[in-house]
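Chemist: Residue numbers (this note's numbering): 1044 to 1265. Idealized CB from N, CA, C, for every residue including glycine. Dumping the structure here so I can ask a few things about it.
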Amino acid sequence: TLLRAHAKAYRLYDSTFRATQKGKIGITLNATFKKALNNVTEDELAAVRSMEFESGIFAHPIFSKEGDYPRIVRERVDYNSKREGRSTSRLPKFTQEDIDEIKGSSDFFGLNHYSSRYATSGLVGSDPSMERDSGSLLSYDPAWKTAKSSWLKVVPWGFRGILNRIRTEYNNPPVFVTENGYSSDGALDDDDRIQYFQILTKILTATNTYNYHETTTIVYLK
1044 TLLRAHAKAY RLYDSTFRAT QKGKIGITLN ATFKKALNNV TEDELAAVRS MEFESGIFAH
1104 PIFSKEGDYP RIVRERVDYN SKREGRSTSR LPKFTQEDID EIKGSSDFFG LNHYSSRYAT
1164 SGLVGSDPSM ERDSGSLLSY DPAWKTAKSS WLKVVPWGFR GILNRIRTEY NNPPVFVTEN
1224 GYSSDGALDD DDRIQYFQIL TKILTATNTY NYHETTTIVY LK
């Protein structure tokens, strides 16, 4: 799996090259912040589940104190796999050796974050999927500003939310923001994007964030 391969590369660098090269090894994960649509326990749990299935399934084995997949991910995939008539779970199981090797195999948390969503409890479709396994229905507020990319809803408070989650759930690792941005049509009248980055600057200054990379068209053409 990706996690096993990542851990082996990390351990190889750690044992063979780190002493002389003094480098850092990390992993970059996509993470969308999810907030409960309604102030009820069911939706709050749905928001957490959605984040666990999107980024937690990779982050928890590496950054948490106990390692392994998040418990809720294991429970729901195992349960759904059984209901589907499968003899084994769709989610592979790690050996204790795997868990120990993967845990702590990153010197920083690389974060790709663009937007946020509201979450409410419910099932999506009938075929196995991350969305169905999480039991979360996602939506956005029509009042949120939309960048030039139609999918990019501008939600600065969600950036603070995802950084707080990384801090509290994963032992406050150094964070490198490897992708983020606010797409526009290239006009010089760019007040919305200026305001967006002013807000982000304040958020990043108040958190354990070491580096920030804005995604641009040039990045995608490199």
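Check whether the Cβ atoms of R1119 and D1176 lie closer than 9 Å to each other.
Modeler: Cβ atoms of R1119 and D1176: closer than 9 Å.
Chemist: In three-state terms, what does DSSP make of A1190?
Modeler: Residue state, collapsed to three classes: coil.
Chemist: Is G1201 closer than 9 Å to S1164 when the C-beta atoms are compared?
Modeler: Not in contact: S1164 and G1201 (Cβ atoms no closer than 9 Å).
Chemist: Measuring alpha carbon to alpha carbon, tell me which residue in R1054, A1048, I1070 and G1066 is nearest P1216.
Modeler: Selected option, being the one with the closest Cα: I1070.
Chemist: Do you know offhand how far P1199's Cα is from D1121's?
Modeler: In a straight line, the C-alpha of P1199 is about 35 Å away from that of D1121.
Chemist: Could you compute how far the alpha carbon of A1186 sits from the alpha carbon of L1154?
Modeler: Going by the C-alpha atoms only, they are around 26 Å apart.
Chemist: Helix, strand or coil: how does DSSP classify R1160 here?
Modeler: Looking at R1160 - three-state DSSP - the assignment turns out to be strand.
Chemist: Taking S1182 as the reference, which of R1133, K1078, K1067 and K1146 has the closest Cα?
Modeler: Checking every option, the nearest Cα to that of S1182 belongs to K1078.
Chemist: Count the other CB atoms, across all protein chains shown, that sit within 10 Å of the CB of S1149; report buried if there are 16 or more and exposed otherwise.
Modeler: With 16 or more Cβ atoms within 10 Å of its Cβ, S1149 is classed as buried.
Chemist: Using a Cβ-Cβ distance cut-off of 9 Å, determine whether A1074 contacts chain B.
Modeler: The structure shown has no chain B; it contains just one protein chain.
Chemist: Whose C-alpha, out of R1208, A1062 and I1105, is nearest the C-alpha of A1090?
Modeler: Comparing Cα positions, the closest option is R1208.
Chemist: Please classify N1223 as buried or exposed, where buried requires at least 16 other C-beta atoms within 10 Å of its C-beta.
Modeler: N1223 comes out buried.
Chemist: Among the candidates L1072, L1055, R1092 and A1048, whose CA atom is the shortest distance from the CA of L1166?
Modeler: It is R1092.
Chemist: Sort M1094, T1189, D1184 and E1144 by Cα distance to R1054 and report the nearest one.
Modeler: For R1054, the nearest C-alpha among the options comes from E1144.
Chemist: Could you pull out every residue in the same chain whose Cβ sits closer than 6 Å to the Cβ of I1205, ignoring the five residues on either side in sequence?
Modeler: Cβ within range, chain order: A1074, F1076 and H1156.
Chemist: Indicate whether K1191 and D1233 have their beta-carbon atoms separated by less than 9 Å.
Modeler: No. Outside cutoff.
Chemist: Does the beta-carbon of F1096 have 16 or more other beta-carbons within 10 angstroms, so that it is buried, or is it exposed?
Modeler: The residue is buried, with at least 16 neighbouring Cβ atoms inside 10 Å.
Chemist: Below 9 Å between beta carbons: does that hold for F1219 and F1137?
Modeler: In this structure, F1137 does not lie closer than 9 Å to F1219 by Cβ.
Chemist: Cβ of D1130 within 9 Å of Cβ of N1214?
Modeler: Note that residue 1130 is Ser in the sequence shown, not Asp. The answer is no: Cβ separation not under 9 Å.
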